[in-house]
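See below for the structure under consideration.
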Amino acid sequence: MSRFDPGLPDDRVNVSGTNPIAEAGLLVAGLVAVVVALAVVSSVAMEWLVPRLPTTLEVSVFGGGWLPSLGSDDDDEEESGDPRQQALQTLADRLGQHWPENPYELKLRLWDEPSPNAFALPGGWIGVTSGLLDQVASENELAFVLGHEIGHFRNRDHLKGLGRGLALGIVLSALGVSGVGAAADLAGLAGGLAQRSFDREQEGLADEFGLAVVAAEYGHVAGASDFFRRLPDPGALLGEELGAYLSTHPVSEERIEELAALAEARGFVTEGSLQPVPEAMTRSEPKESEAGR
Amino acid sequence: MDVANLVVFLVLLLLAFFAGEWIERRHFKSLRRREQRWRRLPAITLRHIPESWQVEDASLLMGSTVVSVDYFKRFLAGLRFLFGGRVKSYESLLDRARREAVLRLKKAAMDGGYHAVVNVRLETSRMANSRGNEGTAGVEILAFGTGLKLHQRPA
Numbered sequence: 002m003s004r005f006d007p008g009l010p011d012d013r014v015n016v017s018g019t020n021p022i023a024e025a026g027l028l029v030a031g032l033v034a035v036v037v038a039l040a041v042v043s044s045v046a047m048e049w050l051v052p053r054l055p056t057t058l059e060v061s062v063f064g065g066g067w068l069p070s071l072g073s074d075d076d077d078e079e080e081s082g083d084p085r086q087q088a089l090q091t092l093a094d095r096l097g098q099h100w101p102e103n104p105y106e107l108k109l110r111l112w113d114e115p116s117p118n119a120f121a122l123p124g125g126w127i128g129v130t131s132g133l134l135d136q137v138a139s140e141n142e143l144a145f146v147l148g149h150e151i152g153h154f155r156n157r158d159h160l161k162g163l164g165r166g167l168a169l170g171i172v173l174s175a176l177g178v179s180g181v182g183a184a185a186d187l188a189g190l191a192g193g194l195a196q197r198s199f200d201r202e203q204e205g206l207a208d209e210f211g212l213a214v215v216a217a218e219y220g221h222v223a224g225a226s227d228f229f230r231r232l233p234d235p236g237a238l239l240g241e242e243l244g245a246y247l248s249t250h251p252v253s254e255e256r257i258e259e260l261a262a263l264a265e266a267r268g269f270v271t272e273g274s275l276q277p278v279p280e281a282m283t284r285s286e287p288k289e290s291e292a293g294r
Numbered sequence: 811m812d813v814a815n816l817v818v819f820l821v822l823l824l825l826a827f828f829a830g831e832w833i834e835r836r837h838f839k840s841l842r843r844r845e846q847r848w849r850r851l852p853a854i855t856l857r858h859i860p861e862s863w864q865v866e867d868a869s870l871l872m873g874s875t876v877v878s879v880d881y882f883k884r885f886l887a888g889l890r891f892l893f894g895g896r897v898k899s900y901e902s903l904l905d906r907a908r909r910e911a912v913l914r915l916k917k918a919a920m921d922g923g924y925h926a927v928v929n930v931r932l933e934t935s936r937m938a939n940s941r942g943n944e945g946t947a948g949v950e951i952l953a954f955g956t957g958l959k960l961h962q963r964p965a
């Protein structure tokens, strides 16, 4: 018979017997911690940096026609011809006069987009969606939204937000290609939450400015917060387009209360007659663009 | 980014983890059993045949396995690609694949009536993913050697 009868070697030599769940937990926690730290550092850095950037530099870089009219095939026509955009421009110019030292030349752009939103963008651009125009019931409401965006320019939040978003975006896209998928999403969520307190503070200040603009323009602040009263419950919209808007802005009800408290503290008149929305803005879908296709 | 996605992801991850653990434990048990059963058939790396062996026949024998990573192992490895360190989640997988390949080589030898396999080598090749560069479809581990039929079983 054979004498070849080897024993079996230890079969755990090439395998680390550590707990994989514990390893995953530790690494994910580390990832989240790194992204949150980065989010906070970039936010603080922007708070420091942006006030030191001269406005003239910003306007010379971003003041040109870099901003496209979203959702329109025909840029030239949209830019010059749309009466809704012209009416918006007129209103914004009127409101801008309440901020005499305004270094920006306010330029309005109307975007064909059903979800109500407005943006302050570098160089003095204000983007307003057609969905917002469709939903406002009075000029006062619209004036508050525009005043809020102008407030962002005064505090230069638009640049701060851009810098913060860029910093977080670069890190997250780097994580995205590494293939950790949902862990990167989780880290991004945590990073976004960490930046939220900076957002909230900015929104509060912009609201204050917007309210002051409305009070100066109309002599009272009635109707200013009506727009938020008509926004649907953000809880029902979580994850939808509007959810993204609401997640960076204070929740409607909270915001209405804050605005009311602010109006009282600043002694603004809260009762008054509302201006109707200018007729040029109420026109629904422009017919020319329909026919053009 | 939203909550529903995270929940789906967590469920998938836990499912992959528990299923993977169960299959792995079962496979290790099977590996040990078969290694024990076939331990008398030498599958060795020697290139030269011992002089006392009288070879009657020789042939190329192969045993191969193809393995891929599960969702959980890939996730854990992805984190390691960020932080560095030992990619422990792949260790057990490759260990299983190598041992299974050697066992299949031995099975080929048994079935063909060979008494020993010499000059055993292990080769690994990566299989490309059809989606391009996003991860690896799997790796093949090939164990091959020269099967020998002897006048007498090795002593």
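Heads up: the protein sequence lines correspond to chains A and B, in order.
So in this note's numbering, the last spot in the first sequence is 294, and the numbers never skip.
So in this note's numbering, the last spot in the second sequence is 965, and the numbers never skip.
Don't be surprised by glycine CBs; every beta carbon is placed ideally from N, CA and C.
Boundaries of the beta strand (DSSP E) around T956 of chain B: 948-960. Per DSSP, R931 of chain B is one residue of the beta strand (DSSP E) stretching across 926-937. Counting along the chain, G132 of chain A sits inside the alpha helix (DSSP H) bounded by residues 131-136. Taking a beta-carbon distance threshold of 7 Å, F828 of chain B does not count as an interface residue toward chain A. Within the same chain, and ignoring the five residues on either side of G125 of chain A in sequence, the residues whose Cβ sits closer than 6 Å to its Cβ are Y105, E106, L107, K108. With a threshold of 7 Å between beta carbons, F954 of chain B makes no contact with chain A. Only residues of its own chain outside the window of five on either side were considered, and among them none has a CB closer than 6 Å to the CB of L50 of chain A. Using a Cβ-Cβ cut-off of 7 Å, S139 of chain A does not count as an interface residue toward chain B, since no Cβ of chain B sits closer than that to its own. At least one beta carbon of chain A lies nearer than 7 Å to the beta carbon of S899 of chain B. Minimum Cα-Cα distance from S878 of chain B among the listed residues B:L822, B:R843, B:L903, B:W863 corresponds to B:L903. Not a single C-beta of chain B is nearer than 7 Å to the C-beta of V35 of chain A. Taken through DSSP and simplified to helix, strand or coil, D867 of chain B comes out as strand. For A121 of chain A, there is no enclosing alpha helix (DSSP H); the enclosing beta strand (DSSP E) has its first and last residue at 119-122.
Distance from T934 of chain B to V949 of chain B at the Cβ level is roughly 6 Å; contact confirmed, criterion being Cβ atoms closer than 8 Å. Contact with chain A is absent for S878 of chain B, since none of that chain's Cβ atoms lies less than 7 Å from the residue's Cβ.
Closest by C-alpha distance to R165 of chain A, out of A:V42, A:V29, A:P21, A:N15, is A:V42. Restricting attention to A:G211, A:A175, A:H159, the CA atom closest to the CA of N141 of chain A is found in A:G211. The beta-carbon of N20 of chain A is placed no less than 7 Å from the nearest beta-carbon of chain B.
Contact annotation: in the segment 838-865 of chain B, residues whose CB is within less than 8 Å of a CB in chain A are F838, L841, R842, E845, Q846, R849, R850, P852.
Rounded to whole angstroms, the Cβ separation of L871 of chain B and L915 of chain B is 6 Å, and the two are in contact under 8 Å. Under the Cβ distance rule, L27 of chain A does not count among the residues neighbouring chain B, no pair being separated by less than 7 Å. With 16 or more neighbouring CB atoms inside 10 Å of its own CB, W100 of chain A falls in the buried class. Its Cα nearest to that of L54 of chain A, the residue A:L160 stands out among A:V278, A:L160, A:H149, A:V215. For L822 of chain B, the enclosing alpha helix (DSSP H) starts and ends at 813-847. Counted as a single uninterrupted DSSP element, the stretch harbouring R110 of chain A is not any alpha helix (DSSP H) but the beta strand (DSSP E) occupying residues 108-112.
Counting along the chain, W49 of chain A sits inside the alpha helix (DSSP H) bounded by residues 21-50.
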